[in-house]
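Engineer: Sending over a structure as structure tokens; questions will come in a sec.
Protein chains: 2
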Amino acid sequence: MLQTTLDDLLTQVRLRLEEDDLSGAVAVLESLRSADQADLFTELEEEEQAALLPQLTPDNAADLLEELDDEDAARLVDGLPPANLARIVEEMEPDEAADLLAELEEDQLAAVLSELEDPDEVRPLLLHPEDSAGGLMTSHLALRRRMTAAEALAAIRQLEPDSEEIPVFFVVDQYGKLCGELSLRQLVMADPNTLLRDVMNPDVISVPVGVDQEEAARLVARYDLAALPVVDDEDRLVGVITVDDVLDVLAEEATEDIQRLGGAQPLDQAYFNVSMPLIVRKRIGWLLFLFVADTLTGTVLRAYEDELATAVALSFFIPLIIGTGGNTGSQTVTTIVRALALGEVRLRDVFHVIWRESAVGLMLGILLGAVGFVRALTWHTGLEIALVVSLTLLAVVIWSNLIAAVVPILAERFRIDPSVVSAPLITSIVDATGLLIYFSLAKLLLGI
Amino acid sequence: MLQTTLDDLLTQVRLRLEEDDLSGAVAVLESLRSADQADLFTELEEEEQAALLPQLTPDNAADLLEELDDEDAARLVDGLPPANLARIVEEMEPDEAADLLAELEEDQLAAVLSELEDPDEVRPLLLHPEDSAGGLMTSHLALRRRMTAAEALAAIRQLEPDSEEIPVFFVVDQYGKLCGELSLRQLVMADPNTLLRDVMNPDVISVPVGVDQEEAARLVARYDLAALPVVDDEDRLVGVITVDDVLDVLAEEATEDIQRLGGAQPLDQAYFNVSMPLIVRKRIGWLLFLFVADTLTGTVLRAYEDELATAVALSFFIPLIIGTGGNTGSQTVTTIVRALALGEVRLRDVFHVIWRESAVGLMLGILLGAVGFVRALTWHTGLEIALVVSLTLLAVVIWSNLIAAVVPILAERFRIDPSVVSAPLITSIVDATGLLIYFSLAKLLLGI
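If you read the sequences in order, they're chains A and B.
For the first sequence, our numbering assigns the number 261 to the initial residue and increments by one for each residue that follows.
For the second sequence, our numbering assigns the number 261 to the initial residue and increments by one for each residue that follows.
Given below as structure tokens:
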């Protein structure tokens, strides 16, 4: 939806709310798709939201709550009577309902569960950590191996018309063990009297309930699955992960990687939902660590105090040298970390990567060294300093390219998430070592 | 698949190839899922691949080619007779087939098209740029508005059993104009004699054929669509975008953003597929630009040559000050750029963001300033320098936090992709201005 359209609709809703025309405000809201309703709703003040929510049909309220952050949704339903909340929860997808219920206080949760018509649809989903496959899965009709295609279709026709549409169904044996899958289309195309076990595909990819949600998401993306069944220790089907949840997980994961690469702990929530003290906590750790690393660079400078005093001109190039090293390193580290995340680069490729990045570093180093030489000459700091600067640039670029390629692969080797190797970390490593290279070359060539 | 399993299978295939046991090698390969087949296949040498490909059934070869990069796939099929290639292409999803055909030489393309049984399934897909909705879409059965549910199901039963399963069908009028959608489940549940126009959902989200593929992908993710119809200027249905393609586009987009944030042009391909000279070209532009920015920092140092000569100790803190400014800026810029990409932060939020980041900068600045004060004291550079350093840290952290928040929002305002505002760019801006703050404070407080 366009920003102007959103602003316009927001004004309409607010006008009606000011005139106490609640049903008018609801009408505007209900004319939108649920994702857009959520956008509009989040722009309202908390009192406005609380006034509107009880006016919505349970169905519409459910759609809206599904689109909000779980915490926001829980805060919003806090004042609703348990019976009303139960009506809304019944209209939600089971996985979304479980996420919302998990945020409630214990007594409120018990009250809502006791009001639900079919609490067993949601209750098993409450048991699993939010970031595991179990936390991501939803309830879904399981078909029996000995059903005929006609019986299966009849069972599907019994589903609520507005329950989540999952284009594939999973087949279980008499013990509830997962033993096959078939799509609705296969079912439609099958002879009505065949048994499911004769038409189903017995080779199903599934995940255990405790597996990390990112791993489950990657399986869905890798094998282009329409849905991924989740099983317990004894291979019994306990739920299904759908593609729309996978899209969210993969987006979340990319966000985490990006924030880590920038040198901060992931926020795990939308920008404006994170309180400022929490942001500070998420950022200060890395900043302090890098601070120590940067004082190391200062220590290097201090060790060369006499040389610096003799040739102050050397100091002019310090930002250029540590800047160029840092920039090259950041380019490489972001590329390698992402390639590791996508599986394009693996542990066994380490020597191949070293060879490539050394060669690329050499080419970049020659180009930047040449430019640095000319730049130093135009500053009239003398031919010798120009030579020192350009050789240092060549060496630093190769060095930082190598460090930035090897460190994330080593992290992966030692089972540390490579994305914690941030661009600022590489920059800090390269700063100190780059200056060591610089002053060593300067002593050698200038004889100071 | 585990790395060890892959290595093991690779050895088995190679052994059989060495013994000229082509059918044995094929048997190993065909025992795997297509995504895993592709993994194994890409590990083989080009001659090995060329030897295996003609031995595969067209169906299996099609699955394999779909998983490879388009360019690799095109190079591989280069030697196949057009008739054989046509048999393979017929087994591919129409959108994947079109991507492969688009890589062929013109005369080879013509030869293959003339051998196809139904070239019209693929031909319209060849017309659109690869990164537009048209380039992403595939052909899919369109249902007619005046069909009954029974007729529609009969038409679906006529589809090839192994054609791509899309869980939703789109409905067109007599002119081919898109006028509704319904899922296979709705169709199964409908009374066989109702007309589609009476059961379909007439409110369909669609995109024009020329729209950017990322925008199409974002619509699918935002509205949790099972498939997105693509229409021409006159609203006629021309194709359908499926969720599996959207997963790929969103992953590609996240990769581009990450590479840009690291300060390089996106590679647009898997790491090992990019030639080294191309990598150098993608990286050198930004490096040279940042190089110029870094020499500016040198210019600032040069302007304060006398002050530096008087108090060499000031130079020890240069890496700490520009490092801390750069680190804070990188954290903020990556967070804001990602929040803009996800729509969590919009243009109108600029003042809200400025307020938050100033406050966060103040908190971080006080903490880091305090630590810096202690660190400077322990270096015995005197109380005055310690005071200058800690005040500079406070100012630089707030300043770089602000710059890093505002610049990407301004970029968005001027319709520049915010992800081009990389962490290294912010670092370079903050380096020069940070030193200005440092020396100004030093002159003021030390009286030099």
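Just so it is clear, CB atoms sit at the ideal spot from N, CA and C, and this is done for glycine as well.
In the DSSP output, which residue or residues are listed as bridge partners for Pro462 (chain A)?
Structural biologist: DSSP lists no partner for Pro462 (chain A).
Engineer: Can you confirm whether Phe577 (chain B), when its beta carbon is compared against all beta carbons of chain A, has any partner nearer than 7 Å?
Structural biologist: At least one chain A Cβ lies under 7 Å of Phe577 (chain B).
Engineer: Assuming Ile686 (chain A) and Val593 (chain A) form a contact by the criterion Cβ under 8 Å, report the distance between their Cβ atoms to the nearest whole angstrom.
Structural biologist: Right, the Cβ-Cβ distance comes to about 5 Å (below 8 Å), so this counts as a contact.
Engineer: Strictly under 7 Å for the Cβ-Cβ distance: is Gly583 (chain A) near chain B by that measure?
Structural biologist: By this cut-off, Gly583 (chain A) is an interface position.
Engineer: Under a three-way DSSP split, which group does Asp472 (chain B) fall into?
Structural biologist: Asp472 (chain B): strand per DSSP, three-state reduction.
Engineer: Kindly indicate if chain B contains any beta-carbon less than 7 Å away from that of Gly589 (chain A).
Structural biologist: So no, Gly589 (chain A) is outside the interface.
Engineer: Any heavy atom of the ligand ZN closer than 6 Å to the beta-carbon of Ile578 (chain B)?
Structural biologist: You won't find the ligand ZN in this model; it holds no ligand whatsoever.
Engineer: Taking the beta strand (DSSP E) that Thr687 (chain A) belongs to, which residues open and close that run?
Structural biologist: Per DSSP, Thr687 (chain A) belongs to no beta strand (DSSP E); it is in the alpha helix (DSSP H), 683-706.
Engineer: Straight-line CA distance for Leu401 (chain B) to Thr502 (chain A)?
Structural biologist: Their Cα atoms are separated by approximately 24 Å.
Engineer: Do Ser650 (chain A) and Gly632 (chain A) count as a contact pair if the criterion is CB distance below 7 Å?
Structural biologist: Yes, Cβ-Cβ distance for Gly632 (chain A) and Ser650 (chain A) is below 7 Å.
Engineer: Using the three-state DSSP reduction, which class does Val540 (chain B) fall into: helix, strand or coil?
Structural biologist: Residue state, collapsed to three classes: helix.
Engineer: Would a check of beta-carbon distances place Ile544 (chain B) closer than 7 Å to chain A?
Structural biologist: Taking Cβ atoms only, chain A reaches closer than 7 Å to Ile544 (chain B), which makes this a yes.
Engineer: Along the stretch 461-482 of chain A, what residues have a CB closer than 7 Å to any CB found in chain B?
Structural biologist: Answer set for the stretch 461-482 of chain A: Ala481, Arg482.
Engineer: Anything in chain A within Cβ reach of Ile663 (chain B), meaning under 7 Å, just list it in chain order.
Structural biologist: Those do not exist, as Ile663 (chain B) stays about 14 Å from chain A at its closest Cβ, beyond 7 Å.
Engineer: Would you please state the rounded distance, in angstroms, between the beta carbons of Asp359 (chain B) and Glu390 (chain B)? I believe it to be under 8 Å.
Structural biologist: About 7 Å separates the two Cβ atoms, so the contact holds.
Engineer: Pull up the DSSP beta-bridge partners for Glu441 (chain A), would you.
Structural biologist: In the DSSP output, where bridge partners are listed per residue, Glu441 (chain A) has A:Phe430, A:Asn461.
Engineer: Apart from the five residues on each side of it in sequence, which residues of its chain come closer than 7 Å, Cβ to Cβ, to Asn461 (chain B)?
Structural biologist: Closer than 7 Å at the Cβ level, and outside the excluded window around Asn461 (chain B), lie Gly440, Glu441, Leu442.
Engineer: Of all the CB atoms in chain A, is at least one closer than 7 Å to the CB of Arg725 (chain B)?
Structural biologist: Residue 725 (chain B) is absent from the structure shown; chain B starts at 261 and stops at 708.
Engineer: Beta-carbon of Pro427 (chain B) versus every beta-carbon of chain A: anything under 7 Å?
Structural biologist: Pro427 (chain B) counts as touching chain A.
Engineer: Can you give the beta carbon distance from Phe699 (chain B) to Trp639 (chain B), rounded, assuming they're within the 8 Å contact cut?
Structural biologist: Rounded, the Cβ-Cβ distance is 19 Å, inconsistent with contact.
Engineer: Would you check if the distance between the CB atom of Val681 (chain B) and the CB atom of Ile581 (chain B) is smaller than 7 Å?
Structural biologist: Result no, Cβ atoms of Val681 (chain B) and Ile581 (chain B) do not sit closer than 7 Å.
Engineer: When you compare the CB positions of Val372 (chain B) and Leu345 (chain B), do they come within less than 7 Å of one another, or not?
Structural biologist: Yes, Cβ-Cβ distance for Val372 (chain B) and Leu345 (chain B) is below 7 Å.
Engineer: Are any of the Cβ atoms in chain A nearer than 7 Å to that of Ser535 (chain B)?
Structural biologist: Chain A, which has no Cβ nearer than 7 Å to the Cβ of Ser535 (chain B), makes this no.
Engineer: With 7 Å set as the bound, which would you pick, yes or no: does the beta-carbon of Pro684 (chain B) sit closer than that to a beta-carbon of chain A?
Structural biologist: Yes, because at least one Cβ of chain A sits closer than 7 Å to the Cβ of Pro684 (chain B).
Engineer: I need the boundaries of the beta strand (DSSP E) containing Val610 (chain A), first residue and last residue.
Structural biologist: Note, Val610 (chain A): premise wrong, no beta strand (DSSP E); alpha helix (DSSP H) at 610-638.
Engineer: Chain A partners of Arg293 (chain B), CB-CB under 7 Å?
Structural biologist: Chain A residues near Arg293 (chain B): Tyr483.
Engineer: When we look at the beta-carbon of Ala661 (chain B) and count the other beta-carbons within 10 Å, is it buried (16 or more) or exposed?
Structural biologist: The question names Ala, but residue 661 (chain B) in the sequence shown is Asn. Looking at its Cβ environment, which holds 16 or more other Cβ atoms inside 10 Å, Asn661 (chain B) is buried.
Engineer: Anything in chain A within Cβ reach of Thr604 (chain B), meaning under 8 Å, just list it in chain order.
Structural biologist: The sequence given here places Glu at residue 604 (chain B); Thr does not occur at that position. By Cβ distance, chain A contributes Ala530, Tyr531, Phe532.
Engineer: Does His388 (chain B) pass the burial test, meaning 16 or more other C-beta atoms within 10 Å, or should it be called exposed?
Structural biologist: Its Cβ being crowded by 16 or more others within 10 Å, His388 (chain B) is buried.
Engineer: Residue range of the beta strand (DSSP E) that Arg520 (chain A) falls in?
Structural biologist: No beta strand (DSSP E) contains Arg520 (chain A), which is instead part of the alpha helix (DSSP H) from 503-521.
Engineer: Measure from the C-beta of Leu373 (chain B) to each C-beta in chain A and report whether the shortest distance is under 7 Å.
Structural biologist: For Leu373 (chain B), the answer is no, since every Cβ of chain A falls outside 7 Å of its Cβ.
Engineer: Of the residues that make up the stretch 406-419 of chain A, which ones have a beta carbon closer than 7 Å to any beta carbon in chain B?
Structural biologist: Going along the stretch 406-419 of chain A in chain order, one finds Leu413, Ile416, Arg417 with a Cβ nearer than 7 Å to chain B.
Engineer: Can you name the residues of chain A whose CB is closer than 8 Å to the CB of Ala619 (chain B)?
Structural biologist: The answer, in chain order, is Met536.
Engineer: Please classify Pro678 (chain A) as buried or exposed, where buried requires at least 16 neighbouring CB atoms within 10 angstroms.
Structural biologist: Result: buried.
Engineer: Comparing the C-beta of Asp727 (chain B) with each C-beta of chain A, is any distance below 7 Å?
Structural biologist: Since the first residue shown for chain B is 261 and the last is 708, residue 727 (chain B) is missing from the structure and cannot be characterised.
Engineer: Here's the rule I'm using: 16 or more other beta-carbon atoms within 10 Å means buried, otherwise exposed. How should Thr595 (chain B) be labelled?
Structural biologist: So Thr595 (chain B) counts as buried.
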